[in-house]
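>
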Amino acid sequence: MEEYLKEFKKREAEAREIRRKCADWNFIEKQPEPIKTALKILIETGDLWYAAKIAGVPLGKLNEIRRKAKIPLVVI
């Protein structure tokens, strides 16, 4: 169980790093609040649903913005 948890944390960190490197930070910084914060949360957590709730926008709308921000969906 401990080995599984260690592997999961490693993959989660790798996914976060991929999202950080691929993201268009200029685009993200130009977004109004709370969209900007939601995109940053998405980069850190990978949780599109949670980020949409934070922003108060429909999931589909935030997904469109995510694509424009070049934030990949990384499956771990």
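If you're matching positions, the sequence shown starts at 873 in this note's numbering and goes up one per residue. The C-beta atom is built at its ideal place from N, Cα and C for all residues, glycine as well.
#1: Secondary structure at LEU911, three-state DSSP: helix, strand or coil?
#2: For ILE943 versus LEU911, is the C-beta distance shorter than 8 Å?
#3: Given a cut-off of 8 Å, decide if ARG891 and GLY932 are closer than it, judged by their beta-carbon atoms.
#4: Between ILE937 and LEU877, what straight-line distance do the alpha-carbon atoms span, to the nearest angstrom?
#5: With a threshold of 16 other CB atoms inside 10 Å of the CB of LEU945, please say whether the residue is buried or exposed.
#6: Ends of the alpha helix (DSSP H) at GLY932?
Quick answer:
#1: Mapped onto the sequence shown, residue 911 falls at position 39. Helix at LEU911.
#2: Position 71 of the sequence shown holds residue 943. Position 39 of the sequence shown holds residue 911. For ILE943 and LEU911, yes; Cβs fall inside 8 Å.
#3: Position 60 of the sequence shown, counting from 1, holds the residue named residue 932. Position 19 of the sequence shown, counting from 1, holds the residue named residue 891. Contact: no.
#4: Counting from 1 along the sequence shown, the entry for residue 937 is found at position 65. Counting from 1 along the sequence shown, the entry for residue 877 is found at position 5. If I take the Cα positions, the gap works out to 32 Å.
#5: For the purposes of this step, residue 945 is taken as the residue at position 73 of the sequence shown. Under this definition LEU945 is an exposed residue.
#6: Locating residue 932 in the sequence shown gives position 60, counting from the first residue. Where GLY932 is concerned, the enclosing alpha helix (DSSP H) stretches over 931–940.
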